Each structure stands twice: as structure tokens, then as C-alpha cells.
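Remarks on the structure that follows.
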């Protein structure tokens, strides 16, 4: 959620694409399947061991990091699953599963002969783990007591955290104040391993999540409609100390 994902309130960005189909082309289903298998085989999950050679952590945040690391102008050129493909390919190269030269050669091979059969792979225990992952899911909620620092009614300041590789904080909320309207029960992990907002190794660092209400007139002065509020669910890592009542007024 870097530059290309923090565009709230900007004007003149051109038409909005309103495609409603989940998959526009057949190959996109394969990319979704690869991502799902990587999620299921990621070693931090409490699932049975398999013979898969995939042994590194992969989360939704890793997928997003691959897309968000693109030049913003390139980002806007590619479709949704094309960005997924780029992020996944970069991850496999970075983690030593394939070299960039091998990937280029394999790409050229199939571009020359698109009907060439794909290699066989997989094993029953790998398939079973993937199916179990799809049944169980992968919730970020953890059953711990995080002892929230803020309560409903607190006026809070939203931090301007350093965006290293990935962030879940929209740019238009940074350095803005809002009011906590709900403290969600339980605690939630960030679902990324490193490089997120300066949090560091946070894959199991569960934290509270708050629903914070904002006045659009504060977010976009002179350019917001009246009589409505904007609500955002925010990790505790984004919320600073409560603003004193006198300062908030």
C-alpha cells in the first residue's frame, strides 16, 4: 500500500476499471492456484510435513510486497494477476528456487511452443495439506489478551510509520486524528515476516485492532462532503498516544 495504493482524495486520475469477473483469462486461475499452494505449504502453519521443496514463509503480505515494489508507473500498466505473477516470480528467484536466467529460458521455451505439456509434480500428502489449508483457513486472529492501550471514545493520532516493504495504513490517514469507536476482541497478527512499517519480525506479534472514525473535512480540507464519517480498522502499531481533550478540541 505504497504510492499507488494511497490515492484517497486525489482527482483527475482517469476512468475507473469496473471489471467484475474474478478471472478474466484462463491462465489467471493457475496463478491463483500457485499462490494458494504456497500459502498452504508455508512452514509457519501447524500442518503435517510434506515432501515439498517449498520451505520458506509465504503470506498475503509477501504477495503484496512483490507488486508494491514495482515502479508505480509500471504498476498501473499491468493487470491484477500479472502483478501477482511478477511478485511470485521475483520471490522464487530471491529465495533460490530458480535463477533469473532459468526463468527467462523456461519462459522463452513455452512462448515458442505454448502447447508443450507442463511438467508433472506434486504428491498425495502435498495435495492433502493444501486441501486441509483450504478447509481450516488462515485467520490473523489469535486467542490472547493484548490489553488495549485505548478505549472507545479516545481521540488518537495516527502515526506516520516508515513504509519499508509493505503497509496496511492508507496515506491519507497519516498524521490525522480520529476517535476510537470500537476495540475488537482478541489480537491480530500482521501476517508479514519482515520489513513492514518498521515493525520487524512480526509474523506472530499479535496486537489489538481499533475501529477509528475520521471527519472527512479533516482528511481533505475544503474538498469533502458533509454529513458522513470515514471509518478505518487500524492495527495498534499505527495508533499513537491518545490526544488530550483540550488539544483535540
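In full-length UniProt numbering, the protein residues as written are 1 to 249. Backbone N, C-alpha and C fix where the C-beta goes; we use that ideal spot for every residue, glycine too. Please read these numbers as outputs of a predicted model, since none were measured by experiment.
Anticipated Cβ contact below 8 Å, residue i with residue j, distance rounded
i	j	result
residue 172	residue 219	6 Å
residue 239	residue 210	6 Å
residue 54	residue 45	The Cβ separation is near 12 Å, so there is no contact.
Proximity of residue i and residue j at Cβ, strictly below 8 Å
i	j	result
residue 47	residue 142	no
residue 242	residue 146	no
residue 119	residue 189	no
residue 56	residue 125	no
residue 31	residue 85	yes
residue 206	residue 144	yes
Residue from the options whose Cα sits closest to the Cα of residue i
i	options	result
residue 39	135, 96, 104 and 232	135
residue 67	55, 82 and 56	82
residue 62	36, 52, 160 and 51	36
residue 34	23, 88 and 57	88
residue 157	212, 85 and 44	212
residue 229	237, 223 and 214	214
residue 176	160, 167 and 168	160
residue 137	76, 153 and 59	59
residue 18	29, 101, 79 and 70	79
residue 163	154, 174 and 121	174
residue 27	152, 225, 132 and 114	114
The alpha helix (DSSP H) enclosing residue i, as first and last residue numbers
i	result
residue 83	80-94
residue 213	Here residue 213 belongs to no alpha helix (DSSP H); instead the beta strand (DSSP E) covers 209-214.
residue 131	124-136
residue 36	26-41
residue 72	72-75
residue 118	Taken as a continuous stretch (DSSP letters only), residue 118 belongs to no alpha helix (DSSP H), as it is neither H nor E.
Contact test: residue i Cβ vs the ligand MN heavy atom, cutoff 7 Å
i	result
residue 137	In the structure on display, the ligand MN does not appear, and there are no ligands present to speak of.
Residue i - containing beta strand (DSSP E), residue span
i	result
residue 231	230-235
residue 66	Taken as a continuous stretch (DSSP letters only), residue 66 belongs to no beta strand (DSSP E), being part of the alpha helix (DSSP H) at 60-68.
residue 240	239-242
residue 178	177-183
residue 98	Note, residue 98: premise wrong, no beta strand (DSSP E); not H, not E.
residue 156	155-158
contact_flag[the segment 226-239, the segment 181-190] where n(CB pairs < 8 Å) is 3 or more: yes
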